[in-house]
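Per numbering that gives the first Met the number 0, the sequence shown starts with residue 0, numbered consecutively. Have a look at the structure below before the remarks.
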Amino acid sequence: MEKIAKKTSATEGGSTDLKAGQWQRAAPNNDHFGDEHEPLLSCWQAIDGRKRLVLSRDGKLLAASQGASHFFAWNDALAGTGHFTLACKPSCNEQLQNLLKAKVGVVETVALPKASGEGHYVISAVGLSATAVAIAIHEADESFVPIFADFEAVFELTHCEVLVVERLMRGYCAQRIADDLDISVHTVRAHLRHCYDKLGVSSREQLWKRLAPYRLN
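And the structure:
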């Protein structure tokens with residue numbers, strides 16, 4: 000199965016179009032919490048690509064996955080605001096604040112348009128306790144690449160068939176798949192026919208429905 004490297008949003012120490020510094024740092028006596036939980040949060044991020052944070056109910060950072068430190072630019076000058084803000088439309092701030100009120104065991108999800116106009120931040124929150132909330136952040140934009148389970152093992156597709164069908168699931172047309180793999184359009188269509196037969200489907204819509212449960216991110 001083709002290995003796909005997912006793009007990161009920013010390099011270490013760089014910034015994204017997130018507002019810098021409006022996630023308040025935890026008090027020093029809570030620093031051990033972040034150190035203790037960072038490996039666990041980073042493992043979860045490695046599985047599905049979502050940045051993960053644990054915040055207090057007033058917006059203080061308690062812990063973050065390693066990738067989140069690349070994603071955010073911190074600014075201690077804003078410590079004490081108790082708010083976190085993404086670079087979205089001003090009208091989105093209330094939705095962000097409501098995430099801090101997520102009830103224990105209840106998942107709340109919002110999709111907020113980026114200020115750049117290119118995609119959204121899909122943010123899920125679930126209450127951990129009366130004092131903390133867990134946050135997962137996913138970027139929905141052109142850089143997103145879906146990752147799937149091993150179709151060779153699951154459906155007995157050949158390696159070439161997997162390369163073709165994965166690109167189809169990304170929205171590629173037959174010609175783009177052919178160009179990407181340096182094969183002819185006729186070969187692409189032949190591979191797709193074989194995939195349809197093995198999967199028991201007769202259309203792209205049925206193919207997408209059949210394979211959607213096997214997406215990993």
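All C-beta atoms in this analysis are idealised placements derived from N, C-alpha and C, irrespective of residue type, glycine included.
Going straight from the alpha carbon of residue 206 to that of residue 164, what length do you get?
9 Å
By how many angstroms is the C-alpha of residue 109 removed from the C-alpha of residue 166?
28 Å
Residue 213 and residue 143 look like a contact to me (Cβ under 8 Å); what is the Cβ gap, rounded to whole Å?
17 Å between Cβ atoms; not a contact.
Is there contact here, the segment 154-163 with the segment 132-139, by at least three beta-carbon pairs under 8 Å?
no
Report the three-state DSSP secondary structure of residue 123 (helix, strand or coil).
strand
Considering Cα atoms alone, identify which of 63, 55, 56 is closest to residue 49.
63
Outcome for residue 58 when other beta-carbon atoms lying within 10 angstroms are tallied against a minimum of 16
Classification of residue 58: buried, given that the 10 Å Cβ count is 16 or more.
If contacts are defined as beta-carbon pairs under 8 Å, then residue 132 and residue 98 qualify, I think. What distance do you get, rounded to the angstrom?
Right, their Cβ atoms sit about 7 Å apart.
Got a sec, what are the start and stop residues for the beta strand (DSSP E) residue 132 sits in?
Membership of residue 132 in the beta strand (DSSP E) is indicated by the continuous run 131-139.
Tell me residue 145's beta-bridge partners as DSSP assigns them.
Bridge partners of residue 145: none, in fact.
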